[in-house]
Amino acid sequence: MSMLHVKEKFINVVTSIRNPALLEERYLEQSLSYPMALVRRNFIYEEAAATRGQNEISITDVSLRIGQEKMLDCVSMDFLPKKKYLILGNEDSGVDVLLGILTKRIQSYEGTVSVKEKNLKRISRNRLSGELSLISEDIPVLEGDYYRNVVLSKNCDPETVRENLGRVGLLTKEEGDYRMERNEFTAEERKRISVARALMNHSSILILDGTAGSEKNESDYELEELILNMREMTVLSISHKLTKSLMEKYDRIFIMEKGSIVEEGSFSELLLNNDHFYKSYVSSET
Numbered sequence: 003m004s005m006l007h008v009k010e011k012f013i014n015v016v017t018s019i020r021n022p023a024l025l026e027e028r029y030l031e032q033s034l035s036y037p038m039a040l041v042r043r044n045f046i047y048e049e050a051a052a053t054r055g056q057n058e059i060s061i062t063d064v065s066l067r068i069g070q071e072k073m074l075d076c077v078s079m080d081f082l083p084k085k086k087y088l089i090l091g092n093e094d095s096g097v098d099v100l101l102g103i104l105t106k107r108i109q110s111y112e113g114t115v116s117v118k119e120k121n122l123k124r125i126s127r128n129r130l131s132g133e134l135s136l137i138s139e140d141i142p143v144l145e146g147d148y149y150r151n152v153v154l155s156k157n158c159d160p161e162t163v164r165e166n167l168g169r170v171g172l173l174t175k176e177e178g179d180y181r182m183e184r185n186e187f188t189a190e191e192r193k194r195i196s197v198a199r200a201l202m203n204h205s206s207i208l209i210l211d212g213t214a215g216s217e218k219n220e221s222d223y224e225l226e227e228l229i230l231n232m233r234e235m236t237v238l239s240i241s242h243k244l245t246k247s248l249m250e251k252y253d254r255i256f257i258m259e260k261g262s263i264v265e266e267g268s269f270s271e272l273l274l275n276n277d278h279f280y281k282s283y284v285s286s287e288t
């Protein structure tokens, strides 16, 4: 029996029941007439090979030391397309440094960061902006209206601009409202403008900067929920604060302390672990 036929038969047997762990290896070995250890080894290897190269962002053994202080210590994470991730930690955890690396503000690190399988250090800022957009209240804005701040200097289809302004909640009143002249924008408006820019740029990755500013208010939660509901986007939310009402919407949560990942998993998995995340979450509830 060829390895391909063994694999096909193995997949058919495994997928025929709900819990593959209930299968007895002896039964599989007899039914396949092939050494089980070899089947398992080849199946796992080929499954891993099939998914290799699909990460939107890969962070591999990234470390950073400033003087004697270790800011990051062999941090590794993979982010799959269209999934939603939360990276959580306090001011000394290293999440701010990680944000600086992903946005190319920090480049003196060891290890490798790849975006769409390309080394981040070899990607220009202009090219990176086409793949990745930062959602922040600190983005630069122009005097004028929403429309000018979204299109910037590009020629854009007005209907597409209006559609994206409406999608991020900046076009909710009468048709001409988005062209209202102004000199200043609120922190919330800046964030929504940055999301609209990302939509116009067809960016596939959004990094939500939750490390700055005051305590989150209702509009912040509304915007975060809006972003998490964008199925076409890969979302990395980097924050010092627990987003309690939205945590279940994240596919995976990473907890960082002192430059290292100390725990990771889904919201329900982390609660069941009764470890770092559970203690922080429960203590913040009481």
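Mapping of the sequence shown onto my numbering: residues 3 to 288, in sequence order. Beta carbons: idealized from backbone N, C-alpha and C, even for Gly.
CB contact flag (residue i, residue j, <8 Å)
{"i": "residue 190", "j": "residue 241", "result": "no"}
{"i": "residue 265", "j": "residue 277", "result": "yes"}
{"i": "residue 235", "j": "residue 118", "result": "no"}
{"i": "residue 1", "j": "residue 111", "result": "Coverage of the chain is limited to positions 3 through 288, which leaves residue 1 absent and any answer about it impossible."}
{"i": "residue 282", "j": "residue 244", "result": "yes"}
{"i": "residue 205", "j": "residue 88", "result": "no"}
{"i": "residue 248", "j": "residue 230", "result": "yes"}
{"i": "residue 195", "j": "residue 151", "result": "yes"}
{"i": "residue 78", "j": "residue 116", "result": "no"}
Inter-residue spacing [alpha-carbon to alpha-carbon] between residue i and residue j
{"i": "residue 165", "j": "residue 201", "result": "10 Å"}
{"i": "residue 65", "j": "residue 160", "result": "45 Å"}
{"i": "residue 197", "j": "residue 170", "result": "7 Å"}
{"i": "residue 168", "j": "residue 188", "result": "18 Å"}
{"i": "residue 156", "j": "residue 72", "result": "42 Å"}
{"i": "residue 267", "j": "residue 145", "result": "43 Å"}
{"i": "residue 199", "j": "residue 113", "result": "31 Å"}
{"i": "residue 104", "j": "residue 58", "result": "12 Å"}
Simplified DSSP state of residue i, which is helix, strand or coil
{"i": "residue 256", "result": "strand"}
{"i": "residue 107", "result": "coil"}
{"i": "residue 235", "result": "coil"}
{"i": "residue 146", "result": "strand"}
{"i": "residue 137", "result": "strand"}
{"i": "residue 171", "result": "coil"}
{"i": "residue 193", "result": "helix"}
{"i": "residue 241", "result": "strand"}
Residue i burial status per 10 Å Cβ neighbour count (16 or more: buried)
{"i": "residue 68", "result": "exposed"}
{"i": "residue 193", "result": "buried"}
{"i": "residue 96", "result": "buried"}
{"i": "residue 132", "result": "exposed"}
{"i": "residue 246", "result": "exposed"}
{"i": "residue 90", "result": "buried"}
Identified DSSP bridge partners for residue i
{"i": "residue 302", "result": "With the chain covering only 3 through 288, there is no way to say anything about residue 302."}
{"i": "residue 79", "result": "61"}
{"i": "residue 69", "result": "DSSP output for residue 69 lists no bridge partner at all."}
Any C-beta of chain D under 8 Å from that of residue i
{"i": "residue 280", "result": "Considering every chain present, this structure includes no chain D. It has just one protein chain."}
Residue i beta carbon near the ligand HEM (any heavy atom closer than 7 Å)
{"i": "residue 98", "result": "This structure lacks the ligand HEM, and indeed carries no ligand of any kind."}
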